[in-house]
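Chains Y and Z supply the protein sequences, listed in that same order. Note that the first sequence covers residues 1451 to 1891 in my numbering. Note that the second sequence covers residues 70 to 308 in my numbering.
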Amino acid sequence: MRFFDLVSLIFYNLSRRKGRVLLTAVGVVIGTAAVVVLVSLAVGLRENATRQLWGINDLTSIEVYPGYSMEKMASSSSVMVGGGGGPDSIKYLTPTAIKEIAAIPGVKRVITQDYLNANLDLVYGKLHAYGGVIGVDVTDLADMGLTAAEGTTELARGTAVIGSWITRNFYDPKARPDDPPLEPPQLMGQSVKFVLIKWTQDGVEIKKTMTVKIAGVLAETRGSADGNIYMRLDEVTAWNEWSRGARINRNKEGYAMLIVKAEDPDVVIEVADKINELGFMANTPQSYLQGINSFFLVLQIIFGGVGAIALLVAAIGIANTMAMAILERTREIGLMKAVGATNKDVLSIFLGEAAGIGFIGGLGGVIFGWGGSAVLNLVALSYFASQASANGGLPPTMAASTPFWLPIFALAFATVVGLLSGLYPALRAATLVPVTALKYE
Amino acid sequence: MKNNGFVRVADLHKDFLMGETRVQALSGVSLEIEQGSFTVVMGPSGSGKSTLLYLIGGLDWPTSGSIHVDGEEIEKMDENSLAGYRSSKVGFVFQSFNLVSSMPAEENVSFPLRFAGIAPAERKTRSQNLLEQVGLSDRATHKPTELSGGQQQRVAIARALINNPLLILADEPTGNLDSNSGLAIMQLLSDLHKSGKTIIVVTHDSRIKQFSTNTIFLLDGKTVSEQTYRQATELMSQP
């Protein structure tokens, strides 16, 4: 039997029983639409989550922190009163360690960082603010993948480059509750007083005030950089030493954190693994993404599974319809065999009809699923947008996202489900003894 | 050229299981039918005549014995070979016509050609020619429900001829027809016989004998003489 004849006969047979075929296909439409909408929802949630991730703006960066060995901590806690682990259990980011890390193949650059460990009050006119100061040993923040929205990214002595959200931290301590909301100050090029505060053992407050010029405002990263104030590392080190009243020995205490830049995003995981092997703690954007992707993959499977259950119910409907069709057309099967149809011909015809019902239902399901996802986006986004404007923050850009492969997959899946549902009835039809089929009443 | 033993049946047995009871439909039937003959197989209901016809047509397998048609031993064929045999050498005519109710006459006639891999244009030409031959060229687009019983059986005969088979097997072809339509169908089969086809008709209608070249009588799954058959049928018809 020629393929064209087979296909035309399948469509002819399906068109003979339009009502029944369409009713059976409705089940497949619901199942396929459920698969498309639910998987689109899971994909949309994942894309939203990855877009709104904090700090993932540079896929070649690895954040490295001092390593805390649980083994060493456990053994040291047994001899230390109060437990908690001692300095021996910490692997510090000392200059020697930095050299070790820099020697790992694939490492392009190591940037040392330290936090300001003192109480800081930012004063601009009558306004005050809080903010975390980070000292970095680069002269240009562009080396860390940061860009300026205003001014420069270069760090000079007595200057600071601030993250895009810092200006929102300013408040007027004398403001009354019924005062209008404060407009964030324009700090670019302005001088801001950095007031460091420490206390003596007697409880006497000591203040140190420096005037720092804001040389640049960073472009929004939607990462941790938005809330940071960047300054030269030597200045921050000097302030930390003033705060503690003693010099900092980097060979002993190391640095708070390193940014390790890899030569290529592809080697980042490998480099991070080697840094971890050295006893430090390395975090990569990829590991965040992997974790998120794994979670949402499971979510996609669960959502897809829920849809597949609906499709399974539809499959039973197809099997039932095909079994009925074979009962009704038993004499026709006998006739087909009497006039020369082989078992394979009969099998192909009935399998094709079952797959055809799956295909028709799948096509309807894909169209409805796609439409459903679009409606879901419309409703959910308008809701989230109103929520975001009321509560602040960024609204999601989508609720459901239908990847290009999903309709193709859903259509193929529905067709295969139809095909499998028709397998048993079709096999029964194909193996009927012709004379028995012809005599069937 | 005549071929003696075109159909050769030797010691043919066919048993059926009816629940747990074994029923013998044919018990050692042997016969020979020559090519180009018009054979009528007569017998009362349950004599095994339709079973014999279906076994010769390759629609079922015998319990034992052999069937040779045109030199091929068909009881040893597998299902695929039998499909090929049914497609190329045999044309069936059934009592209940067995037409596809949703297909017009033309498509019913060409239906077997779909399984023979014949192109649609060729199918159309052949079926139109055959419908003309059976006198139904003006009914080509009519569905079976729009045709009389006699016309439906003519369509079925045209369908049986579509692959130009050597052997036409007809199972009670007049059984569902009034006497005039039945006579016309028998006349049509007789014309086919005259054109060189080998025809086997299974019937219990004795009028058909007038068209035949030879007659086989079956009683209780066995071939019998005409005399024995007459005696038995007379006994059966007595109150």
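All residues carry an ideal CB built from backbone N, CA and C; glycine is no exception.
query	result
Short-range partners of chain Y found in the stretch 185 to 219 of chain Z, where Cβ spacing is below 7 Å	A185 and G186
Cβ neighbour criterion (16 or more within 10 Å) applied to D80(Z)	exposed
Distance, L1591(Y) Cα to A1924(Y) Cα	Lying before the first or after the last residue shown, residue 1924(Y) is absent from chain Y, which here runs from 1451 to 1891.
Contact with chain Z by V1789(Y), beta-carbon distance below 8 Å	yes
DSSP state of S281(Z) mapped onto helix, strand, coil	coil
Separation of F1818(Y) from V271(Z), as counted between CA atoms	57 Å
Closer than 7 Å: Q1636(Y) CB and nearest the ligand COA heavy atom	Absence of the ligand COA from the depicted structure is noted, as is the absence of any ligand whatsoever, leaving it without description.
Residues sharing a beta bridge with F85(Z), DSSP	V92(Z)
Any chain Y beta carbon closer than 8 Å to Y298(Z)	no
Proximity winner among V98(Z), E89(Z), I102(Z) and S96(Z), relative to G74(Z) (alpha-carbon distances)	I102(Z)
Contact residues within the stretch 1794 to 1826 of chain Y, judged by C-beta distance below 7 Å to chain Z	D1795
E144(Z) vs S135(Z) beta-carbon contact at 8 Å	yes
Members of the stretch 1859 to 1878 of chain Y that neighbour chain Z once the beta carbon cut-off is set at 7 Å	none
Chain Y residues whose Cβ lies nearer than 7 Å to that of N149(Z)	T1792
Segments of 4+ residues assigned as alpha helix (DSSP H) that fall wholly inside the stretch 121 to 161 of chain Z	148 to 157
4-residue-minimum alpha helix (DSSP H) runs that sit fully inside the stretch 1746 to 1812 of chain Y, ordered along the chain	1780 to 1788
Contact with chain Z by L1882(Y), beta-carbon distance below 8 Å	no
Nearest-angstrom Cβ-Cβ length linking I1725(Y) and I1554(Y), presumed shorter than 8 Å	7 Å
Beta-carbon proximity check, I1616(Y) vs M1638(Y), cutoff 8 Å	no
Backbone CA spacing between Q221(Z) and P189(Z) [nearest angstrom]	22 Å
Contact set for T1865(Y): own chain, Cβ-Cβ below 8 Å, skip 5 residues either direction	A1805, G1808, F1809 and G1812
Classification of Q1636(Y) by the beta-carbon crowding that lies within 10 angstroms, buried from 16 upward	exposed
Those runs of the alpha helix (DSSP H) which lie wholly inside the stretch 227 to 272 of chain Z and span at least 4 residues	248 to 263
Simplified DSSP state of K193(Z), which is helix, strand or coil	helix
Contacts of E1782(Y) in chain Z (Cβ-Cβ under 7 Å)	V169
Beta-carbon neighbours of L1459(Y), restricted to chain Z and to distances below 7 Å	R183
Cα-Cα separation between I1548(Y) and G1556(Y), rounded to whole angstroms	14 Å
CA nearest to the CA of K1794(Y), picked from I1776(Y), D1714(Y) and T1881(Y)	T1881(Y)
Contacts around L1801(Y), its chain only, beta-carbon distance under 8 Å, and the 5 residues preceding and following it disregarded	L1869, G1872, L1873 and A1876
N- and C-terminal bounds of the beta strand (DSSP E) containing N1402(Y)	Past the boundaries of the shown model lies residue 1402(Y); chain Y is included only from 1451 to 1891, so the question cannot be answered.
Entirely enclosed alpha helix (DSSP H) segments - the stretch 1708 to 1739 of chain Y, minimum 4 residues	1718 to 1727
Contact with chain Y by A152(Z), beta-carbon distance below 8 Å	yes
Partners in chain Y for D139(Z), counting only beta-carbon separations shorter than 8 Å	In chain order: nothing, as chain Y lies at least about 16 Å away.
Under 8 Å between C-beta atoms of L182(Z) and R223(Z)	no
Interface residues of the stretch 117 to 137 of chain Z facing chain Y [CB-CB below 7 Å]	Y123, L128 and D129
Residue-level contact to chain Y via CB, S156(Z), 8 Å cutoff	yes
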